[in-house]
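In my numbering, the protein residues as written are 1 to 403. What follows is one structure encoded as C-alpha cells, with my remarks underneath.
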Ligand SMILES: [Zn+2]
Ligand SMILES: [Zn+2]
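Rendered as C-alpha cells:
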C-alpha cells in the first residue's frame with residue numbers, strides 16, 4: 001500500500017493540510033441559551049440537538065447562576081408546567097427523540113422525576129471536531145436596587161456566584177473581576193458579555209462605558225421583553241453601544257466595546273422567547289473555545305440576526321463589507337460612527353450604501369466607524385414588530401483615539 005501511494009497525491013495532501021491550518025473560517029454560535037437547568041422549558045440535550053440541526057457550529061448553554069453540572073432531578077409535573085400552556089408534552093417529545101435508554105426517570109405519578117443531563121454527558125452525543133462544539137457558560141444574574149445586572153461568562157469551569165456591589169457599576173465590576181480571577185486561576189480564557197442593558201431599563205450607556213473591565217455587550221438579544229428599540233426618551237441597544245463607545249474614546253481614552261447578538265432563548269415548543277434570532281459569526285483558526293475567544297477579543301467577528309457576510313475587511317483606511325446573497329433580498333449598509341469634530345453627535349450615519357458590497361473610506365475625523373447592514377427581508381422569527389434581518393460589525397479605526 002505504502003509503495004503505491006502516489007507522491008503527487010501525498011504532496012497535494014500536505015499542501016492542503018498546510019492551507020487548512022492557516023485558513024480561518026467563519027463559525028456561527030449562540031452564546032446565550034437557557035434550559036431546564038434554570039428557567040428554560042426544554043432539556044439541554046434537546047436544545048443542543050436543535051442548534052446543531054440548524055447549522056450552528058457552537059453553542060453556549062448559559063443558565064442563571066448555574067452550570068449544567070452535578071446530579072439534578074426535576075419533577076416531571078414541573079417540567080410540563082414550563083411549557084407555558086403551549087400544550088406540548090415535553091417529556092414525551094424528549095423520549096421520542098432520544099429513546100427510553102437515554103432518558104432517566106424515577107418514581108411514579110405525582111412524584112415522578114426526570115434527571116437533567118450534564119454538559120459532560122451531552123457533549124459526546126453532539127460534539128464533532130470542526131463541526132459542532134459546546135462551551136460551558138453561565139448567566140451571572142445579579143441586581144442592584146432593582147436594576148438587573150446580567151452577564152454571560154463563556155468558557156467557565158466553575159459556577160460564579162453573583163458578587164453584588166454597592167452601586168450598579170460596582171456590581172458589574174465585581175462580577176467581571178470574579179470572571180477575571182477564575183481565568184487567572186485556571187489559565188482558561190473566559191469571555192464575559194454584558195446582557196440586555198434595557199431589560200427593565202436597568203443600565204445606561206454611561207454605566208456600560210465607565211466599567212472598563214467590560215469589553216463585550218449585547219447589541220441585539222432575541223428576548224422580546226428587553227426593550228431593544230428603546231422608547232421615546234431612552235435609547236435602544238444600538239444607540240447605547242454608540243454612546244458608550246464615544247464616551248470611552250473621548251472622556252475615558254479607552255478601547256471601545258464590541259457587540260454580540262444572542263438568542264437568550266427560553267422556550268423551545270413555540271412561544272415568545274424562542275431560539276434562532278441572534279448569533280455571532282466568528283472568524284477563527286479552529287472551532288475551539290480558545291481560538292473563538294481569541295478571535296472575539298481581536299474583534300474578528302460580527303453580530304447577526306439574519307444577514308451573512310462573505311467578507312469583512314479593514315485595511316488601508318477602508319472598511320469593506322461583502323454580503324452573501326440571499327434570494328432576491330436587497331441590502332442597505334449604514335456606516336455609523338462618531339466624529340472627533342462633533343463628539344456630541346453619537347452614532348452618526350456617515351454613509352448609506354445599497355448592494356452586496358459597500359466600502360467606507362476614512363476621512364480621518366472618525367473616533368470609530370462600524371456598519372449596520374439591513375436586509376429587505378423580514379426576520380423569520382421576529383422579537384419585535386417589523387424586525388428585518390441585520391448584521392452589526394465591530395468598531396474600527398479607533399486606535400488613534402485610544403492608543
Ligand atoms: Zn438576563
Ligand atoms: Zn438570559
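For each residue, glycine too, the CB sits at the ideal point set by N, CA and C.
Item: Is residue 29 helix, strand or coil by DSSP?; Value: strand
Item: Out of 77, 211, 148 and 200, state which residue places its alpha-carbon closest to the alpha-carbon of residue 107.; Value: 77
Item: Just to confirm, is the Cβ distance from residue 368 to residue 395 under 8 Å?; Value: yes
Item: With distances taken between CB atoms, is the gap from residue 415 to residue 303 smaller than 8 Å?; Value: The question about residue 415 has no answer, for the chain in this structure spans 1 to 403.
Item: When we look at the beta-carbon of residue 384 and count the other beta-carbons within 10 Å, is it buried (16 or more) or exposed?; Value: exposed
Item: Please classify residue 52 as buried or exposed, where buried requires at least 16 other C-beta atoms within 10 Å of its C-beta.; Value: buried
Item: According to the Cβ coordinates, are residue 229 and residue 245 closer than 8 Å?; Value: no
Item: Using a Cβ-Cβ cut-off of 7 Å (strictly less than) and excluding sequence neighbours within five positions of residue 317, which residues of its own chain qualify?; Value: 361 and 362
Item: With respect to the beta strand (DSSP E) encompassing residue 261, which residues constitute its N-terminal and C-terminal limits?; Value: 258 to 262
Item: Can you tell me whether residue 106 is helix, strand or coil according to DSSP?; Value: strand
Item: Spell out the partners DSSP gives residue 153 in its beta bridges.; Value: 138 and 192
Item: Pull the bridge partners of residue 379 from the DSSP assignment, please.; Value: In the DSSP output, where bridge partners are listed per residue, residue 379 has none listed.
Item: Which residues, in chain order, sit with a beta-carbon under 7 Å away from any heavy atom of ligand 1?; Value: 139, 141, 148, 150, 195, 196, 199 and 264
Item: Within the same chain, show all residues whose beta-carbon is closer than 6 Å to that of residue 20, passing over the 5 residues directly before and after it, in chain order.; Value: The predicted model places residue 20 with a pLDDT of 45, which falls under 50 and marks its position as unreliable; any figure quoted below should be read in that light. Closer than 6 Å at the Cβ level, and outside the excluded window around residue 20, lies no residue.
Item: So for residue 386, helix, strand or coil by DSSP?; Value: coil
Item: Kindly give me the distance between the Cβ atoms of residue 292 and residue 284, rounded to whole angstroms, as I take these residues to be in contact under 8 Å.; Value: 5 Å
Item: Would you check whether ligand 2 has a heavy atom nearer than 7 Å to the C-beta of residue 228?; Value: no
Item: State the start and end residues of the unbroken beta strand (DSSP E) segment that holds residue 94.; Value: First-last for residue 94: 90 to 98, but that is the alpha helix (DSSP H), not the beta strand (DSSP E).
Item: With a cut-off of 8 Å on the beta carbons, I'd call residue 209 and residue 248 a contact; round off their distance for me.; Value: 5 Å
Item: So the candidates are 276, 122 and 310; which of them puts its Cα closest to the Cα of residue 282?; Value: 310
Item: Would the beta-carbon of residue 193 be found less than 7 Å away from any heavy atom of ligand 2?; Value: no
Item: Is the beta carbon of residue 211 sitting closer than 8 Å to the one on residue 192?; Value: no
Item: Less than 7 Å between the CB of residue 34 and some heavy atom of ligand 2, yes or no?; Value: yes
Item: Helix, strand or coil for residue 56? Go by DSSP, reduced to three states.; Value: coil
Item: Name the residue from 41, 44 and 26 whose alpha carbon lies nearest to the alpha carbon of residue 57.; Value: 26
Item: What would DSSP say about residue 163, mapped onto helix, strand or coil?; Value: coil
Item: Buried or exposed: which applies to residue 401, given that a residue is buried once 16 or more other Cβ atoms fall within 10 Å of its Cβ?; Value: buried
Item: What residues are listed by DSSP as bridge partners for residue 173?; Value: According to DSSP, which records beta bridges pairwise, residue 173 is partnered with nothing at all.
Item: Between the C-alpha atoms of residue 65 and residue 341, what's the straight-line distance to the nearest angstrom?; Value: 44 Å
Item: Please state the DSSP three-state secondary structure of residue 410.; Value: Within the shown structure, residues of the chain are numbered from 1 to 403, placing residue 410 beyond reach of any answer.
Item: Pick helix, strand or coil for residue 132, following the three-state DSSP scheme.; Value: strand
Item: Going by DSSP, what residue range makes up the alpha helix (DSSP H) through residue 280?; Value: Taken as a continuous stretch (DSSP letters only), residue 280 belongs to no alpha helix (DSSP H), being part of the beta strand (DSSP E) at 279 to 284.
Item: Who are the Cβ neighbours of residue 275 in its own chain at under 6 Å, not counting the five residues just before and after it?; Value: 263 and 265
Item: Indicate whether residue 45 and residue 154 have their beta-carbon atoms separated by less than 8 Å.; Value: no
Item: Identify every residue that forms a DSSP beta bridge with residue 50.; Value: Answer is none; residue 50 lacks a bridge partner.
Item: Shortest alpha-carbon distance to residue 254 belongs to which of 102, 398, 47 and 70?; Value: 398
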